[in-house]
Structure formats: C-alpha cells, structure tokens
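A.B. asks: Quick one: the structure is below, and I'll ask about it shortly.
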Amino acid sequence: MKKQSHDTVSGVNACKENISQWTIEIQDLQIKIVELKCKIASERAKQEYLESKTAEIRQEEINKEARDGIEHYSSAKVMDD
218 MKKQSHDTVS
228 GVNACKENIS
238 QWTIEIQDLQ
248 IKIVELKCKI
258 ASERAKQEYL
268 ESKTAEIRQE
278 EINKEARDGI
288 EHYSSAKVMD
298 D
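Residue numbering for the sequence shown follows this note's numbering, starting at 218 and increasing by one per position.
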C-alpha cells in the first residue's frame with residue numbers, strides 16, 4: 218500500500234513538473250512568435266520603401282529617356298529646317 222501511494226504521489230509530481238516545463242516552453246514560444254511578427258512587420262515596411270524607391274528610379278529613367286528623345290527629335294528638326 219505504501220509503495221502504491223508513493224508511486225502515485227511520484228507520478229503526480231512528475232505530471233506537475235511536465236506541465237510546468239511545457240507551460241514555460243509555450244511562453245517562450247509565444248515570445249518568439251511576437252518577436253518574429255515584429256521582424257516581419259519591419260521587413261514588410263522596408264520592402265514597401267524599397268519598392269517605392271525602385272518605382273521612383275524607374276520613373277526617373279523613363280523621364281530621362283523621354284528628354285533625350287525630345288532633344289534628339291528637336292536637333293533633327295532644326296537640321297531639317
């Protein structure tokens with residue numbers, strides 16, 4: 218009877234220890250999830266900024282090509298006149 222009681226108490230204590238350990242692991246994982254979500258948000262903001270800069274650069278290149286084309290056209294027109 219004493220052995221059975223000791224085994225039961227020992228089993229209960231093992232369960233409590235497991236539950237405590239897993240609860241701590243869950244808390245650690247929840248913290249990690251929050252950290253990763255912050256990193257994702259930061260990276261998305263960085264991506265949006267870089268994409269807008271890329272669009273600006275492309276527009277500047279288009280404008281430059283357009284100006285160059287107009288200058289060449291104007292030069293050719295002057296020569297024709």
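Glycine included, C-beta positions come from ideal geometry on N, C-alpha and C.
(1) Cα separation between residue 283 and residue 261?
(2) Cα separation between residue 245 and residue 279?
(3) By how many angstroms is the C-alpha of residue 240 removed from the C-alpha of residue 203?
(4) From residue 234 to residue 227, what distance separates their C-alpha atoms?
C.D. replies: Based on what the coordinates show:
(1) Taking the straight line from one Cα to the other gives about 33 Å.
(2) 51 Å
(3) Past the edges of the chain, shown from 218 to 298, lies residue 203, and the structure says nothing about it.
(4) 11 Å
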